[in-house]
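Visitor: Shown below is the structure under consideration.
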Amino acid sequence: MTETRTLVLIPARMAATRLPGKPLLDIGGLPMIVHVLRRAEAAGIGRVAVATDTSDIASAVTAHGGEAIMTRADHPSGSDRVFEALGKLDPEGRIDTIVNLQGDFPTIRPDTIREVLQPLADPAVDIATLAAEIHTEEEATNPNVVKAVGSPIGPRRLRALYFTRATAPHGEGPRYHHVGLYAYRREALQRFIELPPSPLEQQERLEQLRALEGGMRIDIMIVDDVPRGVDTATDLETARRLIAHSASREQPAR
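Residue numbering for the sequence shown follows the working numbering, starting at 30 and increasing by one per position.
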């Protein structure tokens, strides 16, 4: 079997204010972080590990057969945690592509994870990410929904120009809901981490704007729908319902 040069890292910490202890909350008998781990493993694109600063998260992951790596507690972002984990897991530099998968996507489809790698087939692309078309006015105007603004460069593909919490672009035409899943070239991740926080990043509170302001290229794959993140108790109940429904469909007929 050919050695894969892709590493999927899932940053996870316990400090969520809206849903305390989020990674370890039970969904269908498994901690949420384990569901994300299983989805990443099912994508089949490379080694998968959870990067955390919490021993309870690491223990839950390893108890279910996963790999966990301990990182510092003072990282300002998941990207910084991912970069530290990369250095610990691959000090020899064999990995050349890193997927940063949020630990609160327990229902994300494995094929969605795979799709984020496609733009990196173009050597001019530094970072790849995903977006899905917006179909409701509520979604278009909600500042908690990050919009990806880009120029079409092929089927289901945009070159990112901007990311914003505002309703954008103005006028008739599609708008896109950004999905917080990233694939980095190794050198691009290092460059990104070394850049200082940028003015637009701080104004919009969107980390990816640092890369654009730093002259890095981000391409976007358009996917059919947005994976459901878990940020609130309502989101958690929705995830439990979806996973229970999926499990019931997979049960063999008696």
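All C-beta atoms in this analysis are idealised placements derived from N, C-alpha and C, irrespective of residue type, glycine included.
On a predicted model such as this, the values are computed, not experimentally measured, just so you know.
So ALA177 and ALA212 are supposed to be a Cβ contact under 8 Å. How far apart are they, rounded?
Guide: Working through the sequence shown from its first residue, we reach residue 177 at position 148. Working through the sequence shown from its first residue, we reach residue 212 at position 183. Actually they are not in contact, since the Cβ atoms of ALA177 and ALA212 sit about 15 Å apart, beyond 8 Å.
Visitor: Taking the C-alpha atoms as reference points, what is the distance between ALA240 and ASP248?
Guide: Taking the sequence shown and counting its residues from 1, one reaches residue 240 at position 211. Taking the sequence shown and counting its residues from 1, one reaches residue 248 at position 219. So the alpha carbons of these two residues sit roughly 12 Å apart.
Visitor: Whose C-beta lies closer than 7 Å to the C-beta of THR136 among residues of the same chain, with five residues either side of it excluded?
Guide: The residue you call residue 136 lines up with position 107 of the sequence shown. Cβ neighbours of THR136 beyond the five flanking positions: PRO256, ARG257, ALA268, LEU271 and ILE272.
Visitor: Can you name, in chain order, every residue of its own chain whose Cβ lies under 7 Å from the Cβ of THR91, other than the five neighbours on each side?
Guide: Along the sequence shown, one-based indexing puts residue 91 at 62. Around THR91: ALA97.
Visitor: Among GLY183, LEU235 and GLU216, which has the Cα closest to the Cα of ARG194?
Guide: The residue labelled residue 194 in the question sits at position 165 within the sequence shown. Minimum Cα distance to ARG194 is reached at LEU235.
Visitor: Residues in the same chain with beta-carbon distance under 6 Å from ILE182, minus the five sequence neighbours each way, listed in chain order, please.
Guide: Here residue 182 refers to the residue found at position 153 when the sequence shown is read from its first residue. Closer than 6 Å at Cβ, skipping near neighbours: ARG188.
Visitor: Between the beta-carbon of LEU130 and the beta-carbon of ARG76, is there less than 9 Å?
Guide: Here residue 130 refers to the residue found at position 101 when the sequence shown is read from its first residue. Here residue 76 refers to the residue found at position 47 when the sequence shown is read from its first residue. Not in contact: LEU130 and ARG76 (Cβ atoms no closer than 9 Å).
Visitor: With distances taken from CA atoms, which of HIS164, GLU144 and LEU149 is nearest ALA69?
Guide: Counting from one through the sequence shown, the residue named residue 69 turns up at place 40. Comparing Cα-Cα distances from ALA69 to each of HIS164, GLU144 and LEU149, the minimum goes to GLU144.
Visitor: Within the same chain, show all residues whose beta-carbon is closer than 7 Å to that of ALA282, passing over the 5 residues directly before and after it, in chain order.
Guide: Here the question's residue 282 lines up with position 253 in the sequence shown. Caution applies to ALA282, whose pLDDT of 49 falls short of 50 and renders its modelled position unreliable; the model cannot decide the point.
Visitor: From the DSSP output, in three-state form, read off ILE249 for me.
Guide: Along the sequence shown, one-based indexing puts residue 249 at 220. In this structure, ILE249 counts as strand in the three-state DSSP scheme.
Visitor: For PRO43, which residues from the same chain have a beta carbon less than 6 Å from its beta carbon, with the 5 sequence-adjacent residues on both sides left out?
Guide: For the purposes of this step, residue 43 is taken as the residue at position 14 of the sequence shown. With the sequence shown as reference, residue 43 is identified as Met, and Pro is not the correct amino acid for it. So the qualifying residues of the chain are GLY50 and THR83.
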